[in-house]
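Working notes, structure below.
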Ligand code: CP
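Numbering (this note's numbering), first residue to last: 2 to 394.
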């Protein structure tokens, strides 16, 4: 008599922190997102996804939001619809069983039987990690307290990639509430990992938290140049960051202060502060006349509430609405990879399932654009290689 081996539990990938993704995986996400843009963007607005595929048909995304959102929730839902899937949503904790006192752990245990993938936003740091611990399907962090907002960072990096070509040695000024802003925390880790320099420009009393500063120095080996454009500049070493994401170095510090390649503006996160009446700087046309910003792209995760003047909107350096638009292709790509829609060997684990998914992918794309079909399928093949398979499976 032989003892049957216990069935292998499928490994589920969650994206709670930007550091849950390797640099290589971030590149893969961008490659798939770009393929979606090439294939499905409106002709007149190249960064707007205007058409859909059937790749994600029958897949269900649950958006579980305990805090307000416009971009994150709606772009995730739009992404799932453009993939041909469906959404179920809990957008307001006052209308879900959270209002009766249900724990997050219980809610997630239940919802992971209703959906194939969950996006959660929560006011408490660590809530997304807890949700991931109790979920039987992938969990994506749509922002937890002042901890992290990794998919915003994917949009931010992708926007910079399209504009600046390289991150290596690019100096990025980060202005505003660096303490309370979760988008900033994910963003600075990613900048350090891809070899950019970080020039903090905090509002008074709103510096990077000590734990983020420590991690930048110790884990990502940033050194501090005290002569940065606004004081301390976090400089990243040449190694071990991989250089392939953004092609050729363009920005060099050749003596003196570096030119700022991008300025990332954030709002005062008043919901995270007890003193809501604090001095906060404004970025406007006058601010951007300073010589160090002459070539700086202006980013903002939005929403803005006065700290970024509308006078900047017509400036060619402003790319924040493009940044928000990229939320759809980026989240389409992330959903596709986590659900195995563009890899063909993740979700069911069976060869038949793989073939069915690969075939669905090839068919849906080939009928529209042969070149893109080839690109995504070749991406799919690469996704099956050792590096990626171990990372996303
Ligand atoms: N950038 C961002 O997270 O926007 P929302 O709060 O509208 O989702």
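For each residue, glycine too, the CB sits at the ideal point set by N, CA and C.
Excluding the five sequence neighbours on either side, which residues of its own chain have a C-beta within less than 6 Å of the C-beta of residue i, listed in chain order?
i	result
residue 325	72 and 303
residue 331	34, 155, 156 and 159
residue 184	150, 153 and 302
residue 419	Since the first residue of the chain shown is 2 and the last is 394, residue 419 is not available in this structure.
residue 187	19, 149, 150, 151 and 154
residue 92	66
residue 174	200, 202, 261 and 264
residue 17	129, 130, 133 and 142
residue 193	217, 221, 223 and 237
In three-state DSSP terms, what is residue i?
i	result
residue 52	coil
residue 343	coil
residue 242	In this prediction, residue 242 scores a pLDDT of 47, lower than 50, which makes its location untrustworthy; the coordinate-derived value is nonetheless stated afterwards. Correct three-state label for residue 242: coil.
residue 37	helix
residue 67	coil
residue 93	coil
residue 8	coil
residue 260	coil
residue 147	coil
residue 380	Confidence in residue 380 is poor, its pLDDT being 46 and thus under 50, which makes the residue's placement too unreliable to answer from.
residue 247	In this predicted model, residue 247 has a pLDDT of only 46, less than 50, meaning its place in the structure is not dependable enough to derive any value.
residue 84	coil
residue 185	helix
residue 13	coil
residue 73	helix
residue 47	coil
residue 178	coil
residue 203	strand
residue 226	strand
residue 22	coil
Could you work out which residue in the options is closest to residue i when comparing CA atoms only?
i	options	result
residue 27	195, 232, 266 and 165	195
residue 128	116, 319, 108 and 114	108
residue 333	81, 75 and 8	81
residue 217	204, 84 and 236	236
residue 145	123, 229, 168 and 139	123
residue 179	85, 208, 163 and 199	208
residue 310	328, 285, 270 and 133	285
residue 205	190, 176 and 55	176
residue 200	170, 211 and 181	170
residue 15	44, 134, 48 and 32	134
residue 198	182, 6 and 230	230
residue 323	84, 290 and 161	161
residue 211	181, 193, 227 and 43	181
residue 74	113, 89 and 300	89
residue 87	53, 101, 94 and 96	53
residue 125	336, 281 and 272	272
residue 314	31, 289, 30 and 224	289
residue 164	213, 321 and 5	321
residue 214	41, 189 and 45	189
residue 281	266, 292 and 291	266
residue 121	95, 70, 100 and 96	70
residue 342	147, 30, 24 and 5	30
residue 287	338, 307 and 312	312
residue 297	270, 233, 337 and 172	172
Is there a Cβ from chain C that is less than 8 Å from the Cβ of residue i?
i	result
residue 271	Included in the structure is just one protein chain, with no chain C present.
Following a CB-centred definition, is residue i positioned closer than 7 Å to any heavy atom of the ligand CP?
i	result
residue 15	no
residue 150	yes
residue 49	no
residue 307	no
residue 70	yes
residue 303	yes
residue 237	no
residue 74	yes
residue 153	yes
Which same chain residues end up closer than 7 Å to residue i when comparing Cβ atoms and leaving out the 5 residues on each side of it in sequence?
i	result
residue 256	Annotation note: pLDDT 49 at residue 256 (below 50); position unreliable, no value reported.
residue 305	268
residue 37	50, 330, 333 and 334
residue 131	105 and 106
residue 294	261 and 264
residue 136	109, 113 and 119
residue 327	48, 156, 159 and 160
residue 275	none
Could you check whether the Cβ of residue i sits closer than 7 Å to any heavy atom belonging to the ligand COA?
i	result
residue 144	Of the ligands one can find in the structure shown, namely the ligand CP, none is the ligand COA.
Within its chain, find whatever has a CB closer than 8 Å to the CB of residue i; leave out the 5 residues flanking it on each side and keep chain order.
i	result
residue 317	none
residue 115	61, 63 and 89
residue 8	none
(request) Go through the region 116-171 residue by residue and report every complete run of the alpha helix (DSSP H) that reaches 4 residues or more, in order. (result) Here the runs fully enclosed are 128-135 and 151-165.
(request) Could you tell me which uninterrupted alpha helix (DSSP H) segments, each at least 4 residues in length, are contained entirely in the region 295-339, listed from first to last along the chain? (result) 321-326 and 328-339
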